[in-house]
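So for the sequence shown, the UniProt record's numbering puts the first residue at 1; every next one is plus one. Scroll down for the structure; my scribbles are underneath it.
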Amino acid sequence: MEDERGHYIRRAFVSKPDQVAVQLITAHQASTLDLRLRLVTDQAVQTDSWEMGQLPENLQISRDYLPERLVLKGQYDAEFGSIGYVVATRVIVNGGSSLIEGEELVVSAADSVLLLTKVERYAHLEEDSDSQMVESLKKLEGDYDKLLARHADFHTPIMQRCELKLSSGEDYLLSVEELLAQQHSDSDLSSALVEKLFDMGRYFLLTDSGEIPPVVGHTNINVNLQVCSGNLADLSESMEVFFSWVEGMLEQFRENANHIFGTRGIVADVHPDAENGYLNHYDFNWPHHYWISAAGWLYNEFWGHYLITGDKKFLEERIIPGLKEIALFYEDFLTDFDEDGYHIFYPSYSPESWPENTGCMISINAVMDIMVCREVLDNLLDGLRILGTEDEKIPIYEAILNKLPPYLLDEEGALKEWAWPGLEERYNHRHVSHHYDVWPGNAITWENTPELARAVLLSNRKRGQQDDSAHGIIHRALTAARLKDSTDVYANLKQLLEHGFINTSLMTNHFPYRVYFPDLIGALPACFIEMLIYSQPGLIELLPALPREMPKGSLSGVRCFTFAVMKKLAWNLNEGWIEAEIVSLVDQEILIKYRHGLMDLIVNGKEKERSILGNTLSFTAGKTVKIEMRLVGI
């Protein structure tokens, strides 16, 4: 970097194991550093209302300066108790001197300055909380390289579990600015940019998971996208944070169900935070308190964890109890029937849309609500069966499933968002909540429900983008990937990579060129994986939605939703081959599928008879099966 006095070097990172931000500022060889440091709480002027955050009312802030450290202490309105926070920076000056002038720490003629900054939030801020933090900073080594090495030792093995390679390697050395410029001018996706986004998405989830997971926005799409890569990309540490966070709010979820609907069971909050899961984010325009499907979507990730691990203890102790609580809500909520004897979901809310002809967010039979109810009960029944558990409520669950209302299609055969006659479609909207059974659910597939698969494909292609929210576009891409619609996957990804959603930091925006939001970066690894590997219990499909523009590459370390790990998948469509190495966690048979035609299939060095429907292979727990395919074409 450079100022009027010449060049200097600034290096920085945030240490996961030490929970501290580390900055090293070093003078150029022929000069020294003169710095002035102060604690600022001024609010930056923003042009977008979403980014115009304000300090809370009655926030009490104090600052304390010493040559070796800076401390800022904040206490929120006493009405809310003793909640507060402390920001402390340890200042290590190498050469030169430091002193306090008013409310500034002045460093003169230094060779380098190391800043170690820690931020801590307290449910009960004590008088000595700041001094305790300062003491904890003193215990850290004042050596940038050693702190970085400890951080790298933590991150590296986790980040190396999963890898995507698409480029020759030379482009990977380009800066993000150069790669974005390349993406804007080329017709294809930049392979190196895709690789970096794959890495950054996993890095984001790993670094943003601490006491709580990423919680930027709502559980009706935002938080869900931010964590959705965790299971597939083998980020078990981050997913455990997510699971524990959900379980820590169950008592508030019970109160939501009781106070708003008068039912037993749970209703999750659409906008929970570090404090609680109470439903308090709603008004006439956004009736989030009537959205009943948050808990089901949250537990979709729990079920995914079981499918990638086969962990029956997790299933018995953490999934089944949660699903039973959601099912208990449905028992009390679904008490009305239509003239054909089907349950009526009312009040019902399809985030964050409304029928074109009503102008009212609250509706009847939002398809997402029906889909989530079905998934919860299906998974609950499957889980009880897997565990061999007899439950007196099984007939109740089955009765609800048998009375779920059928879906409706529009005049083109596209899936409608509300399963109630007379409610008109609102095609131009950012959300595609009614695609739930394709993604993140898995009930609608070409093999099992071809008419509904076509209906969602048409709905996905017809849907407008309304305000160009990134979450809506990546949700369409994920839906397209599950439906093997490589053309639509590519179209959505190309828009996301080129139209101002990717910043030079590789973090992402909510709208083109404005409003930081991590939905997109969190979901991109999952989208790239779903393009290359589709899995469900007993099935792994290779390259299900790979665009022609990505003819070769490799992917390793992916968890599959059939108790298996894809150790390595490599392909070169120009040369006509695919290779895969799969290890199963259990003894099982898995149907291995490639839908574009095979000339030869070789398994563990032996040629096998091939089938257009796929080939069922036997797997022994812990043993790798190597698969080689010679392709007809694509």
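Heads up, the beta-carbon is just placed ideally off N, CA and C, and yes, glycines get one too. Everything numeric in this text was worked out from a predicted model, so none of it was measured.
Start-to-end residues for the alpha helix (DSSP H) that takes in residue i
| i | result |
| --- | --- |
| His218 | No alpha helix (DSSP H) holds His218; DSSP gives it neither H nor E. |
| Val367 | 367 to 387 |
| Val246 | 236 to 247 |
| Val489 | 486 to 498 |
| residue 677 | This structure cannot settle anything about residue 677, because the visible part of the chain is limited to 1 through 634. |
| Gln183 | 176 to 185 |
| Trp303 | 294 to 309 |
Coil, strand or helix - residue i by DSSP
| i | result |
| --- | --- |
| Phe619 | strand |
| His527 | A quick correction: the sequence has Cys, not His, at residue 527. DSSP places Cys527 in helix when its eight states are reduced to three. |
| Ile592 | strand |
| residue 637 | Only positions 1 to 634 of the chain appear in the structure, and residue 637 is not among them; the question remains open. |
| Tyr346 | coil |
| Thr117 | strand |
| Ala109 | strand |
| Ser191 | helix |
| Arg10 | strand |
| Arg426 | coil |
| Ser353 | coil |
| Val227 | helix |
| Glu104 | strand |
| Leu328 | helix |
| Tyr85 | strand |
| His513 | It is worth fixing the name first, because residue 513 is Tyr in this sequence and not His. If DSSP states are grouped into helix, strand and coil, Tyr513 belongs with coil. |
CB-CB length for residue i against residue j, believed under 8 angstroms
| i | j | result |
| --- | --- | --- |
| Thr479 | Trp439 | 5 angstroms |
| Gly413 | Arg454 | 6 angstroms |
| Leu506 | Lys196 | 6 angstroms |
| Thr263 | Asp332 | 4 angstroms |
| Ala564 | Ser229 | Incorrect: roughly 18 angstroms between the Cβ atoms, too far for contact. |
| Leu598 | Leu631 | 6 angstroms |
| residue 646 | Leu193 | With the chain covering 1 to 634 only, the question about residue 646 has no answer from this structure. |
| Thr207 | Lys16 | 6 angstroms |
| Pro551 | Asn574 | 5 angstroms |
| Leu423 | Pro347 | Their Cβ separation, rounded to whole angstroms, is 14 angstroms, which puts Leu423 and Pro347 out of contact at 8 angstroms. |
Nearest-angstrom Cα separation, counted from residue j out to residue i
| i | j | result |
| --- | --- | --- |
| Leu70 | Asn222 | 36 angstroms |
| His218 | Leu99 | 46 angstroms |
| Val583 | Lys462 | 40 angstroms |
| Val119 | Phe511 | 29 angstroms |
| Ser187 | Cys162 | 28 angstroms |
| His435 | Val456 | 6 angstroms |
| Gln536 | Gly341 | 32 angstroms |
| Ala443 | Asp437 | 5 angstroms |
| Asn509 | Glu498 | 12 angstroms |
| Asp145 | Val113 | 14 angstroms |
| Asp468 | Val91 | 44 angstroms |
| Leu225 | Thr449 | 25 angstroms |
| Thr504 | Arg514 | 13 angstroms |
| Glu628 | Met531 | 19 angstroms |
Sequence-distant residues of its chain with Cβ nearer than 6 angstroms to residue i (five each side left out)
| i | result |
| --- | --- |
| His429 | Ser353, Gln466 |
| Ala570 | Ser554, Glu579 |
| Ile474 | Leu520, Ala523 |
| Leu387 | Glu316 |
| Thr89 | Leu70, Leu115, Thr117 |
| Arg11 | Leu24 |
| Ser350 | Ala366, Met368, Glu417, Ser433 |
| Leu408 | Lys416, Ala419 |
| Lys73 | Ser62, Val86, Asp130 |
| Asp64 | Val71 |
| residue 636 | Since the first and last residues shown for the chain are 1 and 634, residue 636 lies out of range. |
| Leu125 | Gln75, Ser82, Gly84 |
Close beta carbons around residue i, own chain, < 7 angstroms, minus the five adjacent residues each side
| i | result |
| --- | --- |
| Leu298 | Thr219, Val246, Ala268 |
| Gln160 | none |
Span of the beta strand (DSSP E), counted from its first residue to its last, around residue i
| i | result |
| --- | --- |
| Lys608 | 606 to 608 |
| Asn460 | No beta strand (DSSP E) holds Asn460; the alpha helix (DSSP H) holding it covers 450 to 462. |
| Trp571 | 564 to 572 |
| Leu33 | 33 to 37 |
| Tyr65 | 60 to 66 |
| Ala470 | Per DSSP, Ala470 belongs to no beta strand (DSSP E); it is in the alpha helix (DSSP H), 470 to 482. |
| Met361 | Run containing Met361: none; DSSP gives neither H nor E here. |
| Ile533 | 533 to 536 |
| Asp600 | 598 to 603 |
Close beta carbons around residue i, own chain, < 8 angstroms, minus the five adjacent residues each side
| i | result |
| --- | --- |
| Phe253 | Ile266, Val267, Ala268, Asp269, Gly277, Ala295, Glu325 |
| Leu179 | Asp171, Ser190, Ala192, Leu193, Lys196 |
| Ile590 | Gly538, Leu539, Ile540, Thr562, Ala564, Ile582, Ser584, Thr616, Leu617, Phe619 |
| Tyr242 | The question names Tyr, but residue 242 is Phe in the sequence shown. Ser209, Pro213, Val227, Gly230, Glu301. |
| Leu59 | Gly74, Gln75, Tyr76, Asp77 |
Any chain B beta carbon closer than 8 angstroms to residue i
| i | result |
| --- | --- |
| Tyr76 | Within the model displayed, chain B is absent; a lone protein chain is all it includes. |
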